[in-house]
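Trainee:
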Amino acid sequence: MKQLGKLLPLTAIIFLLTGCGELNLTALDPQGPVAQMQLSLIKLSLYIMIIVIVVVFAIFAYVLWRYREKPGDTHIPKQVEGSKTLEIIWTTIPVLLLIVLAVPNVMDTFTLANVEADENSITVKVTAHQFWWEFEYPDHNVIAGQDMYIPTDTKIIVQLEASDVMHSFWVPALAGKQDNVPGITNEMWLEAEHPGVYKGKCTELCGEGHWLMDFRVIAVEPDKFDKWATNMGEPEQEPATQLAETGREVFQASCIACHAVGGVGGNPVAGGPDLTNFGEREVIAGFLEFNDENLEKWLRYPAETKPGNTMPAFNHLDDSEMEALIEYMKGLKVLD
Ligand code: CUA
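Sequential numbering from 1 applies to the sequence shown in the UniProt record's numbering.
(1) Start and end of the beta strand (DSSP E) containing Ala-175?
(2) I need the DSSP call for Pro-285, collapsed to helix, strand or coil.
(3) Could you have a look at residue 340 and say whether DSSP puts it in helix, strand or coil?
(4) I'd like the list of long-range same chain contacts for Leu-332, defined as Cβ closer than 7 Å, with 5 residues on each side in sequence excluded.
(5) Looking at the structure shown, is Asp-73 part of a helix, part of a strand, or coil, going by DSSP?
(6) Here's the rule: buried if 16 or more other CB atoms are within 10 angstroms of the residue's CB, otherwise exposed. What is Ala-58?
(7) Spatial neighbours of Ala-229 within its chain, please: CB distance less than 7 Å, with the 5 preceding and 5 following residues excluded, ordered by chain position.
(8) Measuring straight from C-alpha to C-alpha, what distance separates Leu-97 and Asn-114?
(9) Report yes if the C-beta of Met-148 is less than 7 Å from at least one heavy atom of the ligand CUA; otherwise report no.
(10) Would you mind reading off the limits of the alpha helix (DSSP H) that contains Met-49?
(11) Enumerate, from N- to C-terminal direction, the unbroken alpha helix (DSSP H) stretches of 4 or more residues contained entirely within the segment 74-124.
(12) Given 7 Å as the limit, tell me if residue 387 has its C-beta closer than that to any heavy atom belonging to the ligand CUA.
(13) Can you tell me whether Ile-150 is buried or exposed, with buried defined as 16 or more other CB within 10 angstroms of its CB?
(14) Does the distance from the CB of Phe-131 to the CB of Gly-209 come in under 8 Å?
(15) State yes or no: is the C-beta of Met-329 within less than 8 Å of the C-beta of Leu-295?
(16) Bridge partners for Arg-300 per DSSP, in chain order?
(17) DSSP three-state call for Ser-163: helix, strand or coil?
(18) Can you find at least 3 beta carbon pairs, one from the segment 175-190 and one from the segment 150-159, that sit closer than 8 Å?
(19) Have a look at Ile-218 and Glu-282 and give me their C-alpha separation to the nearest angstrom.
(20) Kindly indicate the opening and closing residues of the beta strand (DSSP E) around Trp-132.
(21) What residues match up with Arg-216 in a beta bridge as DSSP calls it?
(22) Can you give the beta carbon distance from Glu-221 to Pro-195, rounded, assuming they're within the 8 Å contact cut?
(23) Where Glu-249 and Asp-164 are concerned, what is the direct C-alpha to C-alpha distance, given to the nearest angstrom?
(24) Please report how far the alpha carbon of Phe-215 lies from the alpha carbon of Asp-118, in whole angstroms.
(25) Cutting at 6 Å between CB atoms, please list the residues of its own chain near residue 424, excluding the five before and the five after it.
(26) Measure the Cβ-Cβ separation of Ser-168 and Gln-159 and say whether it is below 8 Å.
(27) Please report the distance separating the alpha-carbon of residue 344 from that of Trp-90.
(28) Could you pull the start and end residues of the beta strand (DSSP E) that Leu-190 belongs to?
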């Protein structure tokens, strides 16, 4: 029982470190060809290292035991310095191992670096900001915030940029990380095999809110993606209720200067995420569970909720204005 007591926290730590259970935040369960290729390379290197360590330590232990000093030993063992046979063996084996490692590594490196478009591929320009993500679809003339929608079984060419400081784009279930650097466009590609939600994180220390700079890649069937992209590019729908209509007025007065909806509003320099499909998000500000209470908390106390962000506080709104604004924001949807 004591043993079990020790084992449980250890298991918990391992699960935490591998990010198990948290929306595929792990490179060990690949959900697309890029992550699959990268995991295969990791495994190949790991297996070779394990074989080398086991063999070397086995020989080491054997030699320690076999040639230990025994009572009555008088002679020095046979010296092997300059042995051609041994020199050839311990040069050839590492060379062979390096070839086994190098061939797939070089081949996969070329495949992974190939960001050429094919007939189906789409391009997504990912701009990192302190502390949120912008996804621009130049082929569809669409800009989205925080949720990166992609069609399944499609090569996604990702162009990485940053508006302020260095960030790093990482969706472990789909691909390895790559930096967003101001003034430079880095390119990579990824692909999702199945529909699903894959968590992404910023992995470059970029300021106070770095640890909360999360996003999601939402892979949907190509038909659904087309619908999403088309609707994202349409003007805003009329709000469904009178309360939402009132909320829309509050939004127009308070939020539209920084946040675009349906292609209207926003500010390319000092603005925040596009909110056209805000009502379809699963989290607020990248990390808060989506519910009325958290949305109000975010709108009233953004600085306390996500340190370092530039969203102004809207604590001056009275309860009825806040209720209407929340109703309106929850109704911002482009699918179904
Ligand atoms: Cu952006 Cu860390």
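All C-beta atoms, glycine included, are put in the ideal place defined by N, C-alpha and C.
Mentor: Quick look at the numbers:
(1) Residues 175-180.
(2) Correcting the residue type first, residue 285 is Ala in the shown sequence and not Pro. In this structure, Ala-285 counts as coil in the three-state DSSP scheme.
(3) The chain is shown only over 1 to 336; residue 340 falls outside these bounds and no answer can be derived.
(4) Around Leu-332, the same chain offers Val-261, Leu-275, Thr-276, Asn-277, Phe-278, Gly-279 as residues with beta carbons nearer than 7 Å, after the five sequence neighbours per side are excluded.
(5) Coil, per DSSP.
(6) A residue is called buried when at least 16 other Cβ atoms come within 10 angstroms of its Cβ; Ala-58 does not meet this threshold and is exposed.
(7) Cβ within range, chain order: Tyr-137, His-140, Val-142.
(8) Answer to the nearest angstrom: the Cα atoms are 27 Å apart.
(9) No, Cβ of Met-148 sits at least 7 Å from all heavy atoms of the ligand CUA.
(10) 33-66 is the span of the alpha helix (DSSP H), which, as asked, contains Met-49.
(11) Along the length of the segment 74-124, whole alpha helix (DSSP H) runs at least 4 residues long occupy 84-113, reported in chain order.
(12) This structure leaves residue 387 out entirely; the chain is present only between 1 and 336.
(13) The residue is buried, with at least 16 neighbouring Cβ atoms inside 10 Å.
(14) Contact flag set, yes.
(15) For the pair Met-329 and Leu-295, the CB atoms are nearer than the 8 Å cut-off.
(16) Beta-bridge pairing links Arg-300 to no other residue.
(17) Coil at Ser-163, not helix or strand.
(18) Contact between the segment 175-190 and the segment 150-159 is present, because at least three Cβ pairs lie under 8 Å.
(19) Between Ile-218 and Glu-282, the alpha-carbon positions lie close to 11 Å from each other.
(20) Note, Trp-132: beta strand (DSSP E), 132-137.
(21) Its beta-bridge partners are Asp-147, Lys-199.
(22) Between Pro-195 and Glu-221 the Cβ distance is about 6 Å, and since that is below 8 Å, they are a contact.
(23) Their Cα atoms are separated by approximately 32 Å.
(24) Between the alpha carbons of Phe-215 and Asp-118 lies a gap of roughly 26 Å.
(25) With the chain represented from 1 up to 336, any question about residue 424 goes unanswered, as that position is not in the structure.
(26) Their beta carbons are not under 8 Å apart, which means Ser-168 does not touch Gln-159 by this criterion.
(27) Because the chain in this structure spans residues 1 to 336, residue 344 falls outside the shown range and cannot be described.
(28) Note, Leu-190: beta strand (DSSP E), 186-190.
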